[in-house]
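Residue numbers (the working numbering), protein chains in the order written: chain A, 315 to 579; chain B, 53 to 844.
C-beta: ideal position from N, C-alpha, C; glycine also.
All values reported here derive from a predicted model rather than from experimental measurement.
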Ligand SMILES: Cc1cc2nc3c(=O)[nH]c(=O)nc-3n(C[C@H](O)[C@H](O)[C@H](O)COP(=O)(O)OP(=O)(O)OC[C@H]3O[C@@H](n4cnc5c(N)ncnc54)[C@H](O)[C@@H]3O)c2cc1C
């Protein structure tokens, strides 16, 4: 790890100011992704701006929205009675991320800002048609994810919360874990709610999380596993690595989507 | 005190400190004035090293020195030696290219050490290493043994033609050819044994130190400190052994990877001498992936000749063994004398011929890893037997029974050099089949199918050889070391005992098992026995721990020393009790005059030995301390039967081990709880090899699975509850009758798992699947046969 300065601002305005004043400064959330990267010396920030003092570790439900503060750890989401009631599939997804340590440190904001192509949360946010709220704007999920490790966030912009529209009628997430990292080799989030029927796929796409629109159309017509059993995702847009060829991932998308539909129905 | 002797499942003495986090590992040790070494390693598989500009790094803050291969060469530092010379078919010696401590002229694998930076802090050393300017000229690399032997392949060592280290053979080729010529059936199988990364929980570490008088101390994560002292002192650094102390304190797992003499040990010791400051190096986990010797990596063709009834007539085996870029300490012996000599297995195959080509590639060196050669042999045989049954329509259990060496045939001479002293393969097979409810399996298969799962059961009846020996025979075969073990038993004046053993414990529980052996013999409690290991400054000598030898060889040395203690104790007792030595009996901690109630306790005799007031001082020296060297007459031969049951998710191909039974004949059991733990660990690694683990290189030699994000370690949820059973036919040639248990789990299990997978897929036209049997591989097989099944 290279040396860096550490700041823990007490307000969003201070955090934004610190980031704005130094293009080499980086926000720090749970550190589950950032710290390993620093340890490997793959990144050399001048300052780390710890977001844990901003009051962003919170969950609330209003009539038609569940909002989760950016600094809410996965374990808190998994165990939240509000989340379990409003969108049980989301609680379950959070409870299936990493291990206990990761779940108690890693945050939803960090996961989304990082947009790892194999991460779980992006599938939920895209699949539920959520809105990512930052210090300066509201970004629809469809616009937020822009490719592997790439998002709509501008330099110095901080995610403050994520708003999920309610009521969610049906939803489920099915993850086929990459056997070593246990991130998603293929993860499929299927939902029926205010944003319509959506199928979001993580782990598989060359550009990160994506919507499987053919499946969405078929499920809109009929929400049942066999409605999508014969829908194949073209392998030429999918990843291939030592853990799975594009053909295998394509196959797994259909299997995981069917299982998610079955679990949601 | 309850029963604590041989056979008692007492809790491990060492766990008191380990569970409390009070272990003392190399990285826990900090010496006054200590500085830190950072080793700059090659990030390319194969390149000419045209120059290293160290000036900027040397001028960086906190840096004491930067050294390269040239500095070591200028100081006369030797290369890392190989401990076993193999001869080619034509009798000529193997190719043994230099293995410099720091690369000279070329780098040959990712991770090859290129330079070392020594600084006041670890951070400074690492910062400075980034300032090294290394001028590489990339060369084409080669990673697979099958590619390395192709004409025109890049040469790893410019003067080793065809990348062939040796082309060796064993057995009677003419007899085998003749048997094949008259055989009714020939069954052939090509298979690979996947390369593994050892992944000990504790990464390697070393601290070198040199005092004002030129006495050196090396603290290192080693399974055999005396061997390191010998190799490093005599061959690399030329430090006289009396001026070099090697300490291997608590060591967190080895699995073979901590047997070898590594460059880092020589670097920190040499640098400590130059700088007169203690120098510490601790591997980072990603460094372990590219610098710890790896395991397995065989590509093999095997053929069995059979008669009409399924009797094995002859076995012919041809293996390519990947050595990696350099010869690690015992690398050359693994695919030869610890592999091909095991090819009879538990079968009475009358003729066997094996040829092994060892090949250099641009990969991390390969050496012994839990099982070391025997897992490769067991996997080959136990897969081949199942394939024979499949191809020729024999029952796989009957085929085994028919070809087993019968219980009355021991001692049994195999056609590949070994002579088995004892065993009973029928009994372990029957016990395991019983425990696994083999008979009821078809019903479980049917039920699984109804749940959308393919269920399969696999059996392996393996054999292995532990406690490599005797020294003279190994020497004749090319070993450059002795294979005995040493024990010093020191009875202290008040009757408690300190045992100094040359065996090293890094997870095996010697502090408990050895104490139980002593407690049983002397009639004292295990709390009165302290077992000291891992320090050349305290222990007379030793060859260390590998090949499941500690109890069979090290334990036998302890027994020999105890015999001497008891013999001397009898003479002291005879004097005190005014009886003839021949009339003194020693039992339950008491020396008694036979047929009388006159006796002395062990503690009384000990005290008398140290306070010799009433003592036969003319005939007997005071004190009660004895040393023994034990050179075994033969290997020991554990064997047994593993039964594995798997279920495969048809849609995704995902395999899951749902039941596992291991019944192992390991000779006499000293501590059943420790035995169970050893088998559990070994089976976990075996299931890991069969289903999950794989060191994957690209064609040039970049390691693609170089972290836990990509290298699949087995975890608790990959493993079933494991049923462990034992059966004891005693070893006939060591005093304890023990055989060894450290590796049986990793040896017997991989073929059982793969046999189960192939059985689960029996309707899909598959006769073999290479390890690791990943979900995708299985899915592809299911996929490929879907059309055929649909058409039927
Ligand atoms: C062993 C292990 C297993 C894991 N398994 C999984 C898994 O199965 N599925 C899965 O989805 N993930 C997994 N993860 C990743 C985990 O979920 C991380 O927590 C997550 O990727 C990053 O969140 P964090 O809070 O730790 O962010 P950090 O590491 O602190 O930050 C990540 C990046 O986001 C930026 N950032 C953080 N917060 C904000 C914000 N509010 N606004 C703007 N930028 C911000 C940081 O500057 C940094 O660039 C795993 C991680 C580990 C170590």
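Measuring straight from C-alpha to C-alpha, what distance separates residue i and residue j?
i                      : j                      : result
residue 818 of chain B : residue 243 of chain B : 14 Å
residue 534 of chain A : residue 504 of chain A : 11 Å
residue 446 of chain A : residue 515 of chain A : 18 Å
residue 430 of chain B : residue 347 of chain A : 42 Å
residue 833 of chain B : residue 410 of chain A : 30 Å
residue 370 of chain A : residue 364 of chain A : 12 Å
residue 375 of chain A : residue 558 of chain B : 54 Å
residue 665 of chain B : residue 658 of chain B : 13 Å
residue 710 of chain B : residue 507 of chain B : 9 Å
residue 204 of chain B : residue 145 of chain B : 24 Å
residue 468 of chain B : residue 369 of chain B : 12 Å
residue 66 of chain B  : residue 561 of chain B : 7 Å
residue 503 of chain B : residue 737 of chain B : 29 Å
residue 216 of chain B : residue 137 of chain B : 14 Å
residue 586 of chain B : residue 381 of chain A : 59 Å
Can you check whether the CB of residue j is closer than 8 Å to the CB of residue i?
i                      : j                      : result
residue 328 of chain B : residue 247 of chain B : no
residue 416 of chain B : residue 521 of chain B : no
residue 479 of chain A : residue 509 of chain A : yes
residue 178 of chain B : residue 259 of chain B : no
residue 346 of chain B : residue 418 of chain B : yes
residue 719 of chain B : residue 790 of chain B : yes
residue 748 of chain B : residue 414 of chain B : no
residue 435 of chain B : residue 820 of chain B : yes
Would residue i count as contacting chain B if we go by Cβ distances under 8 Å?
i                      : result
residue 556 of chain A : yes
residue 351 of chain A : no
residue 320 of chain A : no
residue 624 of chain A : Examination of residue 624 of chain A is not possible in this model, given that chain A is present from 315 through 579 alone.
residue 559 of chain A : yes
residue 566 of chain A : yes
residue 569 of chain A : yes
residue 490 of chain A : yes
Does at least one heavy atom of ligand 1 sit under 7 Å from the Cβ of residue i?
i                      : result
residue 341 of chain A : yes
residue 459 of chain A : no
residue 388 of chain A : yes
residue 430 of chain A : yes
residue 256 of chain B : no
residue 411 of chain A : yes
residue 421 of chain A : yes
residue 384 of chain B : no
residue 34 of chain B  : Lying outside 53 to 844, the shown extent of chain B, residue 34 of chain B is not represented and no answer is given.
residue 366 of chain A : no
residue 425 of chain A : yes
residue 346 of chain A : yes
residue 472 of chain A : yes
Closer than 8 Å, CB to CB, is residue i near chain A or not?
i                      : result
residue 828 of chain B : yes
residue 748 of chain B : yes
residue 60 of chain B  : no
residue 704 of chain B : yes
residue 831 of chain B : yes
residue 183 of chain B : no
residue 367 of chain B : no
residue 614 of chain B : no
residue 744 of chain B : yes
- If contact means a Cβ-Cβ distance below 8 Å, which residues of the segment 755-777 of chain B contact chain A? Listed in sequence order: 756, 757, 760, 761, 762, 763, 764, 765.
- Positions along the segment 494-516 of chain A whose CB lies within less than 7 Å of some CB in chain B: Listed by position, the residues of the segment 494-516 of chain A near chain B (Cβ gap below 7 Å) are 494, 495.
- Which residues, in chain order, does the segment 366-400 of chain A contribute to contact with chain B at a C-beta distance below 9 Å? Cβ contacts with chain B come from no residue of the segment 366-400 of chain A.
- Contact residues within the segment 433-462 of chain A, judged by C-beta distance below 7 Å to chain B: Answer set for the segment 433-462 of chain A: empty.
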